[in-house]
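Heads up: the sequence shown at position 131 corresponds to 131 in our numbering, and the numbers run straight through without jumps.
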Amino acid sequence: MSIKHHHATPVSLPAESAIVKAYASTNLADAYSIELPPGASTDPELLARFIFAHQARWIGGLMTVRDALVAGFGLKTAKHLASLSAKSAAGRIGIFKVYSTTATEVVVGEDDKHLDFRLSVLCSRQSSPGAKRHVILSTVVHCHNRLGRLYIFLIAPFHRLVVQSSLRSAARTGWPSVTEA
């Protein structure tokens, strides 16, 4: 597979994404795009599950450190969210609650006392035969208080690394095919 299929590129939030207008104000908004190879599925829910299931091991370690730091503030931990998923996988993708699904996009996220966030996995439509298709992973965050703003300030650099790494890892693993959808 070509290396171009492994490069996550920062892009503007896609205008067609449901998360563009999720909040009146945002404290973080970013989007990263990666090219899908020919034959890859464009089912956004399948791709979201695939991306979150094929993350680099270091991301799990980072989440463990994050959980240890935020638990004392009464914030939701990944362990807590995973227990919700274990109880009922319906309406969740990994640790995230599903907010909306369309033929081209799935929006997931979580609300907490310090901030709310939404992640979008959006598949670009093929504008013409042979046109390149992309999956775009976008994030918007709305903070409720100083704790939320401090949290975003501290984790934003890690967030960007995690998103890019997750897209590259999924690409290296090999995207699910159209036949797997």
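Here a beta-carbon is modelled for each residue, glycine too, at the ideal position from N, C-alpha and C.
Excluding sequence positions up to five away, which residues of its chain have a Cβ less than 8 Å from the Cβ of Ser25? Translated into the one-based positions of the sequence shown, residue 25 becomes position 25. Cβ neighbours of Ser25 beyond the five flanking positions: His142.
Determine whether the beta carbon atoms of Leu13 and Ser138 lie at a separation below 8 Å. Locating residue 13 in the sequence shown gives position 13, counting from the first residue. Locating residue 138 in the sequence shown gives position 138, counting from the first residue. Contact: yes.
Rounding to the nearest angstrom, what Cα-Cα distance links Glu16 and Val65 in this structure? The residue given as residue 16 occupies position 16 in the sequence shown. The residue given as residue 65 occupies position 65 in the sequence shown. Roughly 35 Å separates the two Cα atoms.
Entirely within the region 14 to 87 and at least 4 residues each: give me those alpha helix (DSSP H) ranges in chain order. 44 to 53, 57 to 70 and 78 to 87
Quick check: the Cα distance between Val70 and Ile155, rounded to an integer number of angstroms? Counting from 1 along the sequence shown, the entry for residue 70 is found at position 70. Counting from 1 along the sequence shown, the entry for residue 155 is found at position 155. In a straight line, the C-alpha of Val70 is about 12 Å away from that of Ile155.
Minimum C-alpha distance to Ala170 - residue among Phe117, Trp58, Lys76 and Ala48: Against the sequence shown, residue 170 aligns to sequence position 170. Nearest of Phe117, Trp58, Lys76 and Ala48 to Ala170, Cα basis: Ala48.
Find the nearest neighbour of Trp175 within the set Val20, Leu36 and Thr104, judged by alpha-carbon distance. In the sequence shown, counting from the first residue as 1, residue 175 sits at position 175. Out of Val20, Leu36 and Thr104, Leu36 has the C-alpha closest to the C-alpha of Trp175.
Could you check how far apart the C-beta atoms of Val135 and Leu119 are, in whole angstroms? I think they sit under 8 Å. The count along the sequence shown starts at 1 and reaches residue 135 at position 135. The count along the sequence shown starts at 1 and reaches residue 119 at position 119. Not quite, the Cβ-Cβ distance comes to about 12 Å (not below 8 Å), so this is no contact.
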